[in-house]
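Okay, so the sequence shown: first residue is 5 according to my numbering, each after it adds one.
For each residue, glycine too, the CB sits at the ideal point set by N, CA and C.
Note that this is a predicted model, so its numbers are computed, not measured.
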Amino acid sequence: MTDALAVSGLDPNLTPVLNLELPKSKLQRLWGNIAACLLEVVKPTFTRIGSLVEVDDGSFRIAGRPLTQNMSSMTQLAHIPPSLLPLANETYATADDWYEALANMHVAQLVFQHNDLVTSEDDCRNKYVARQLFRRLARQGRLSIFGFVQDDWSACVKTVHPRCPAPDGSGPFRLWCDDFRPANVLLGLDEDDDDVAAVIDWEFTYAAPTQFSLDPPWWLLFETPEMWPSGIEEWSRAYEPHLKTWLEAMEKEGKGSEFLDALPLSVHMEESWKMGRFWLNYAARKSWAFDAVFWTCLNERFFGERESEVPGKDLWKTRLHLLSEEERLAMEPFVQQKIEESQKRILVEWDPVEAKQRLSELLF
Numbered sequence: 005m006t007d008a009l010a011v012s013g014l015d016p017n018l019t020p021v022l023n024l025e026l027p028k029s030k031l032q033r034l035w036g037n038i039a040a041c042l043l044e045v046v047k048p049t050f051t052r053i054g055s056l057v058e059v060d061d062g063s064f065r066i067a068g069r070p071l072t073q074n075m076s077s078m079t080q081l082a083h084i085p086p087s088l089l090p091l092a093n094e095t096y097a098t099a100d101d102w103y104e105a106l107a108n109m110h111v112a113q114l115v116f117q118h119n120d121l122v123t124s125e126d127d128c129r130n131k132y133v134a135r136q137l138f139r140r141l142a143r144q145g146r147l148s149i150f151g152f153v154q155d156d157w158s159a160c161v162k163t164v165h166p167r168c169p170a171p172d173g174s175g176p177f178r179l180w181c182d183d184f185r186p187a188n189v190l191l192g193l194d195e196d197d198d199d200v201a202a203v204i205d206w207e208f209t210y211a212a213p214t215q216f217s218l219d220p221p222w223w224l225l226f227e228t229p230e231m232w233p234s235g236i237e238e239w240s241r242a243y244e245p246h247l248k249t250w251l252e253a254m255e256k257e258g259k260g261s262e263f264l265d266a267l268p269l270s271v272h273m274e275e276s277w278k279m280g281r282f283w284l285n286y287a288a289r290k291s292w293a294f295d296a297v298f299w300t301c302l303n304e305r306f307f308g309e310r311e312s313e314v315p316g317k318d319l320w321k322t323r324l325h326l327l328s329e330e331e332r333l334a335m336e337p338f339v340q341q342k343i344e345e346s347q348k349r350i351l352v353e354w355d356p357v358e359a360k361q362r363l364s365e366l367l368f
């Protein structure tokens, strides 16, 4: 599918670029074929969050932890102790439980990624404050209702009123694939064949909060928001016109059928973008994008406007007062330790017990 959507003749080692000269009718047709696949993926429902495991009678049930792309990157790229990840057989009963687990892993990344994570003391403070606030919202059960009718806490609902109710936090849950994107959608052999022949690479697929399925896809531009050369805000401006085309394709494929709460999936996706739920779930799933997304797209939606003249390195100062006394007291010793550790480019091997103890010192 990438070949059909992208500019041809570019370096195959670089991220593809959406061909803006594609006729809208062709773009809608191609995206409509992907939308049809997504509508099939979200049909099965499950009572717990986790991975499908084959059991003794040959059937499948949710019996393993969600295997996420972010968890793979944490261990392979950042050398974060596997003992800090969810247990292999751990599943989750509620969306709030999984949001909290994701928030805990963001803290683990900050604590245990030894190289190339913090660039200065203020950068470390920005990352610390963002993670502590995000984790608290998860523990309070606020992330799962953010931007929905039930949202009674965020700043954004004071000016923009949602119409979509939040999915039941206790389920049912729906399949989600972290790696679902056009590169993994195969078309027919004929050059003009736009029909989907197969979808591959399902290894990072698990039953997830239904909230994830209500977001529009990030991959419409191929490039991720955090890697966009001119920044996330410019990515958003480039994304919005194509989102409209995607929603039209999704609406056509859904044929107006109800997905949740008597509303089609296209309506949920449109409101996800408008309210910022898209950014919440994107940040929750991606540790390396978390900080840029939090400070650019979530901070003011969560807590209200901040001073406009604050430089990026001092963003933490605008929300420091929201931390508990315990969280504030722990920040400076952690920052100093993190900066000292970053002076030596080494890979640290952690004893599982010591690693859990170290992490617990920042989980308040």
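When the options are compared against residue i, the one with the closest alpha-carbon
i: D183; options: V339, R323, L42 and K342; result: L42
i: S29; options: E252, T72 and F307; result: E252
i: R146; options: W102, F116 and E244; result: W102
i: D120; options: L34, R349 and K47; result: R349
i: V200; options: E44, F368 and P220; result: E44
i: M3; options: W320, R289 and E365; result: Outside the shown range of the chain, which is 5 to 368, sits residue 3, and nothing can be said about it.
i: I38; options: M75, Q340, L24 and I204; result: I204
i: Q347; options: T123, P245 and L190; result: T123
Where residue i falls: helix, strand or coil (DSSP)
i: P181; result: Note on identity: in this sequence residue 181 is Cys, with Pro being the wrong assignment. Residue state, collapsed to three classes: strand.
i: F216; result: helix
i: E336; result: helix
i: F50; result: strand
i: E58; result: strand
i: V297; result: helix
i: L193; result: coil
i: V200; result: strand
i: L22; result: strand
i: L351; result: coil
i: V133; result: helix
Range of the contiguous beta strand (DSSP E) that encloses residue i
i: T209; result: T209 to A212
i: S65; result: Just to set this straight, residue 65 is Arg in the shown sequence, not Ser. Unbroken beta strand (DSSP E) run through R65: F64 to G68.
i: E94; result: Unbroken run through E94: none, as it is neither H nor E.
i: A242; result: Where A242 is concerned, there is no enclosing beta strand (DSSP E), although the alpha helix (DSSP H) it sits in stretches over I236 to G258.
Under 8 angstroms between C-beta atoms of residue i and residue j
i: L302; j: G280; result: yes
i: S158; j: A99; result: no
i: L26; j: L326; result: no
i: A211; j: F263; result: no
i: L218; j: M273; result: yes
i: R143; j: L114; result: no
Residue i - containing alpha helix (DSSP H), residue span
i: L363; result: P356 to S364
i: A266; result: It is not in any alpha helix (DSSP H) - A266 carries neither H nor E in the DSSP assignment.
i: C168; result: No alpha helix (DSSP H) holds C168; DSSP gives it neither H nor E.
i: T6; result: T6 to L9
i: T72; result: Premise fails: T72 is in no alpha helix (DSSP H) and is neither H nor E.
i: D318; result: No alpha helix (DSSP H) contains D318, which DSSP labels as neither H nor E.
i: C41; result: K28 to V45
- Query: Is the segment 188-197 in contact with the segment 56-64, if contact means three or more CB pairs nearer than 8 angstroms?
  - Reply: The segment 188-197, when compared against the segment 56-64, does not touch it at the 8 angstroms Cβ threshold.
- Message: For the pair the segment 272-288 and the segment 300-310, tell me if three or more CB-CB distances fall below 8 angstroms.
- Response: yes
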